[in-house]
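Novice: I am attaching a structure below and will ask some questions about it afterwards.
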Amino acid sequence: EPQPSASRPLVSPVHEASSSASLAVEATHIVKHFGDLAVLHDVSLAVEEGTVTTIIGASGSGKSTLLRCMNLLERPDQGELMIADERIRFDRNPKGDIVGLDRRQIQRLRAKVTMVFQQFNLWPHLTVLGNITEAPMRVKGLSRRDATKAAEHYLARVGMLERADTYPAFLSGGQQQRVAIARALAMEPRVLLFDEPTSALDPERVSEVLAVIRSLADEGRTMLMVTHEMAFAREVSDQIIFLDEGRVGIAGTPTDVFEQTHHERCQRFVSPAA
Ligand code: ADP
Ligand code: MG
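For what it's worth, the numbering used here labels the leading residue of the sequence shown as 1, then goes sequentially.
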């Protein structure tokens, strides 16, 4: 076994696996319209196992739509998705219906690719614990006992175990979002999606949620995130994608995108004062 040298930092086993370039997500030529409105034109991207990719871009550029295509909350009109070992080709049959998906495949994929939303989306009539055990019991068929054990593990992970019996309405936004992250983790997904996870929070609550996301990145989770927290994106991301009116404007390392880009609109977006 190779010994870590003093000059090379230790990498986690998960990151080591990523150096063999196994892809957790590959989207190819994704096209999406809402009626007459073309939202995604021809989007291709790849996310390596164990890495963090952040999508940035102006409001309305298609970031949420792209993320929602990744767990089929939106269905692309055209293109191909390879995600968590599922490969799906989207196309239209002669009647114009979008084909290429069966219900079982959607269910399998949703269990492997879980999403954290801007507005938390916790069920108000369920306790914190109930919010987390629901999907693992219903979708994965876990017993209540096993689902509770897993829920307690992930609640401890986000620092919310002592609020397990509380209803969401009695929690701050930051606490609700940490519960939502525990809920996403409890499905033990291959890929975690975050759509502006801190945009609905009071400023003093943002850092507690970013700290949780940072710790997930540090443990080598595969994540695809949309955020306007530029400093954070730069710090935790392996890859940044600038989405420009439904097209990939530029994709690269944080240094590529924040410092060395010659893409004019991206430059203006990341450093508006310059
Ligand atoms: P972003 O997340 O980058 O702000 P979105 O993906 O939410 O962008 O939206 C991209 C465009 O698609 C916007 O013009 C938006 O109004 C439109 N859009 C998003 N969702 C829908 C929908 N369900 N029906 C119709 N138009 C939509
Ligand atoms: Mg959005």
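Glycine residues also receive a C-beta, built at the ideal position from the N, C-alpha and C atoms.
1) On the three-state DSSP scale, how would you describe Gly249?
2) If you count every other CB in all the chains shown that lies within 10 Å of the CB of Phe258, and 16 or more means buried, which is it?
3) So which residues touch the region around the ligand ADP, with touch meaning a C-beta under 6 Å from any heavy atom?
4) Could you tell me if the beta carbon of Asp195 falls within a distance shorter than 7 Å of some heavy atom in the ligand MG?
5) For Phe170, does the three-state DSSP call read helix, strand or coil?
6) Does the beta carbon of Val43 fall short of 7 Å from some heavy atom of the ligand MG?
7) Alpha carbon to alpha carbon, how far is Glu204 from Leu155? Give it in angstroms, no decimals.
8) Per DSSP, what kind of secondary structure is Gly79 in: helix, strand or coil?
9) Looking only at its own chain, which residues have a Cβ that is under 6 Å from the Cβ of Ser64, when we skip the five neighbours before and after it?
10) Please report how far the alpha carbon of Asp36 lies from the alpha carbon of Val43, in whole angstroms.
11) Taking Asp146 as part of the alpha helix (DSSP H), name the residues at either end of that continuous run.
12) Determine, using beta carbons only, whether Leu192 and Leu216 come nearer to each other than 8 Å.
13) Take Leu142 and list the residues in its own chain whose beta-carbon comes closer than 6 Å to its own, dropping the five residues that flank it on each side.
Specialist: To lay it out plainly:
1) Here residue 249 refers to the residue found at position 249 of the sequence shown. Collapsing the DSSP output to three states places Gly249 in a strand.
2) As a working mapping, residue 258 is identified with position 258 in the sequence shown. Phe258 should be labelled buried.
3) Phe34, Leu37, Val39, Gly57, Ser59, Gly60, Ser61, Gly62, Lys63, Ser64, Thr65
4) Along the sequence shown, one-based indexing puts residue 195 at 195. For the ligand MG, at least one heavy atom lies less than 7 Å from the Cβ of Asp195.
5) Mapped onto the sequence shown, residue 170 falls at position 170. Phe170 falls in the helix class under three-state DSSP.
6) The sequence position of residue 43 within the sequence shown is 43, counting from 1. Val43: no, Cβ never under 7 Å from the ligand MG.
7) By 1-based counting over the sequence shown, the position of residue 155 is 155. By 1-based counting over the sequence shown, the position of residue 204 is 204. Each residue's Cα considered, the two are about 21 Å apart.
8) Position 79 of the sequence shown holds residue 79. Reduced to three states, the DSSP call for Gly79 is strand.
9) For the purposes of this step, residue 64 is taken as the residue at position 64 of the sequence shown. Same-chain partners within the cutoff: Asp195.
10) Residue mapping note: residue 36 aligns to position 36 of the sequence shown, counting from 1. Residue mapping note: residue 43 aligns to position 43 of the sequence shown, counting from 1. Going by the C-alpha atoms only, they are around 18 Å apart.
11) On the sequence shown, position 146 is the one that residue 146 refers to. Note, Asp146: alpha helix (DSSP H), 144-157.
12) For this step, residue 192 is matched to residue 192 along the sequence shown. For this step, residue 216 is matched to residue 216 along the sequence shown. Contact: yes.
13) Taking the sequence shown and counting its residues from 1, one reaches residue 142 at position 142. So the list reads Pro136, once near-sequence residues are dropped.
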